[in-house]
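Q:
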Amino acid sequence: MKIWAHRGCSQSFPENTMTAFSKAVEIPGLTGIELDIQMTKDGEIVVIHDERVDRTTDGIGYVKDFTYRQLRQLIIDAGEEKKEKIPSIQEVLDFLRDKMAQGMLLNIELKNSIIPYEGMEDKILDLIGQRCLLKEVIFSSFYVRSLERIRKRESAVSVGVLDTNVSDCFYKKNGAFDGEDVSVALHPFWKRMDMSRNELKGQTVRAWFSGHLYPELPTGKKLDLGQLECYGITDVFLNEPEVYLS
Ligand code: G3P
Ligand code: CA
Numbered sequence: 433m434k435i436w437a438h439r440g441c442s443q444s445f446p447e448n449t450m451t452a453f454s455k456a457v458e459i460p461g462l463t464g465i466e467l468d469i470q471m472t473k474d475g476e477i478v479v480i481h482d483e484r485v486d487r488t489t490d491g492i493g494y495v496k497d498f499t500y501r502q503l504r505q506l507i508i509d510a511g512e513e514k515k516e517k518i519p520s521i522q523e524v525l526d527f528l529r530d531k532m533a534q535g536m537l538l539n540i541e542l543k544n545s546i547i548p549y550e551g552m553e554d555k556i557l558d559l560i561g562q563r564c565l566l567k568e569v570i571f572s573s574f575y576v577r578s579l580e581r582i583r584k585r586e587s588a589v590s591v592g593v594l595d596t597n598v599s600d601c602f603y604k605k606n607g608a609f610d611g612e613d614v615s616v617a618l619h620p621f622w623k624r625m626d627m628s629r630n631e632l633k634g635q636t637v638r639a640w641f642s643g644h645l646y647p648e649l650p651t652g653k654k655l656d657l658g659q660l661e662c663y664g665i666t667d668v669f670l671n672e673p674e675v676y677l678s
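In this text, residue positions in the sequence shown follow the numbering used here: the first is 433, and each later residue adds one.
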């Protein structure tokens, strides 16, 4: 089972922050880091999960209504009087670059199924291409049209089709891409494996979880990764990858 840090080490540190990413790169055997991108009013790509800043910062409003400069004034409370800012994707890429050159992967989820940010695909491809990291990145989205745009411009990049049921990921993949194409992965919710392992043979299946890991299970219990493999899952996005790999 391949293990990813979901929004960085997001159980113990604020999600999608430089601290959460810097803790993740220290984990031995980690396959990669997952993060989410949105776009500011002036077209800067920033790393934040929600369309709005309210849940994770001291601000109120939509990311799309802030300039990058305004957004950087917002504070993320990291506890013990530590403060974080919403990172730009450029800052994160520059930080992860060396680690990625050594084989660590990065899954960039384009959060464009609610707000279809115009030009997001070209911008992110430019930033990754300029750093020669196209082979180390997997682009995912719930909005499959966006993944089609990415592959139209860069036919060799890896993408992940997000949905809830694995069957919906599978049929979306077959509709938009070649069903046999190993560079197009399925990214379903872990509890919605409604196809057999046999039907999923040859597919990369990266499962995501909702909320934090421990609230999913009775306290103190870890996920049974062997059981998840039996369902055909090949990778998991975990908020606490350090618990499984340290
Ligand atoms: O990419 C997998 C997972 O991150 C999707 O859900 O809401 O955590 O972005 P969410
Ligand atoms: Ca995500």
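Glycine included, each C-beta is placed from N, C-alpha and C at the ideal position.
#1: Measure the alpha-carbon distance for ILE508 versus PHE453 and round it to whole angstroms.
#2: Which word fits ARG583, buried or exposed, when buried means at least 16 other C-beta atoms lie within 10 angstroms of its C-beta?
#3: Roughly how far, in whole angstroms, is the beta-carbon of LEU467 from the beta-carbon of GLY491, given that I think they are within contact range, below 8 Å?
#4: How many angstroms separate the CA atom of ASN630 from the CA atom of GLU661?
#5: Note down, in chain order, each residue of its chain lying with its Cβ closer than 8 Å to the Cβ of ASP497, except the 5 sequence neighbours on either side.
#6: Would you please state the rounded distance, in angstroms, between the beta carbons of TRP436 and ASP656? I believe it to be under 8 Å.
#7: Using a threshold of 7 Å, is the CB atom of GLU541 nearer than that to any non-hydrogen atom of ligand 1?
#8: Assuming GLU580 is part of the alpha helix (DSSP H), what are its boundary residues?
#9: Please determine whether the Cβ atom of ASP468 lies at a distance below 7 Å from any heavy atom of ligand 2.
#10: Kindly give me the distance between the Cβ atoms of PHE574 and LEU594, rounded to whole angstroms, as I take these residues to be in contact under 8 Å.
#11: Going by CA-CA distance only, name the one from LYS515, ASP486, MET471 and GLN534 that's closest to GLU458.
#12: Provide the residue(s) that pair with ASP509 in DSSP beta bridges, ordered along the chain.
#13: What are the boundary residues of the beta strand (DSSP E) that ALA456 is part of?
#14: In terms of residue numbering, what span does the beta strand (DSSP E) encompassing MET471 cover?
#15: For MET625, which residues in the same chain have their Cβ closer than 6 Å to its Cβ, ignoring the five residues on either side in sequence?
#16: Considering only their Cβ atoms, is the gap separating ARG529 from LYS517 smaller than 8 Å?
#17: Please list, in chain order, all residues of the same chain as ASN544 whose beta carbon is under 7 Å from its beta carbon, the five residues on each side excluded.
#18: In the DSSP assignment, the beta strand (DSSP E) including ASN630 goes from what residue to what residue?
#19: Pick out whichever of ILE521, GLN443 and GLY475 has its Cα sitting closest to the Cα of TYR549.
#20: Under 7 Å from any heavy atom of ligand 1, does the C-beta of SER442 make it?
#21: Would you list, in sequence order, the uninterrupted alpha helix (DSSP H) runs of no fewer than 4 residues that lie entirely inside the stretch 512-573?
A: Looking at the atomic coordinates:
#1: The alpha-carbon atoms of ILE508 and PHE453 are separated by roughly 15 Å.
#2: Per the 10 Å Cβ criterion, buried.
#3: The pair is not a contact, with the Cβ atoms about 19 Å apart (cut-off 8 Å).
#4: When rounded, the distance between both Cα atoms is 12 Å.
#5: Only LYS473 meet the Cβ criterion.
#6: Distance from TRP436 to ASP656 at the Cβ level is roughly 18 Å; contact not present, criterion being Cβ atoms closer than 8 Å.
#7: The nearest non-hydrogen atom of ligand 1 is less than 7 Å from the C-beta of GLU541.
#8: Annotation for GLU580: the continuous alpha helix (DSSP H) segment containing it runs 576-585.
#9: Yes; taking the cut-off as 7 Å, the Cβ of ASP468 has a heavy atom of ligand 2 nearer than that.
#10: Sure, about 5 Å apart at Cβ, within 8 Å.
#11: It is GLN534.
#12: DSSP lists LYS515 as the beta-bridge partner residues of ASP509.
#13: Note, ALA456: premise wrong, no beta strand (DSSP E); alpha helix (DSSP H) at 450-456.
#14: Element bounds for MET471: 464-471.
#15: Around MET625, the same chain offers VAL598 and TYR663 as residues with beta carbons nearer than 6 Å, after the five sequence neighbours per side are excluded.
#16: Taking 8 Å as the cut-off, the Cβ atoms of LYS517 and ARG529 do not count as close.
#17: The residues MET552, SER573, TYR575 and SER578, in chain order, have a CB closer than 7 Å to that of ASN544 in the same chain once the five nearest residues on each side in sequence are set aside.
#18: Where ASN630 is concerned, there is no enclosing beta strand (DSSP E), given that its DSSP letter is neither H nor E.
#19: Among ILE521, GLN443 and GLY475, the Cα nearest to that of TYR549 belongs to GLY475.
#20: No, the beta carbon of SER442 sits no closer than 7 Å to any heavy atom of ligand 1.
#21: Counting whole runs of 4 or more residues, the stretch 512-573 contains the alpha helix (DSSP H) stretches 521-533 and 552-562.
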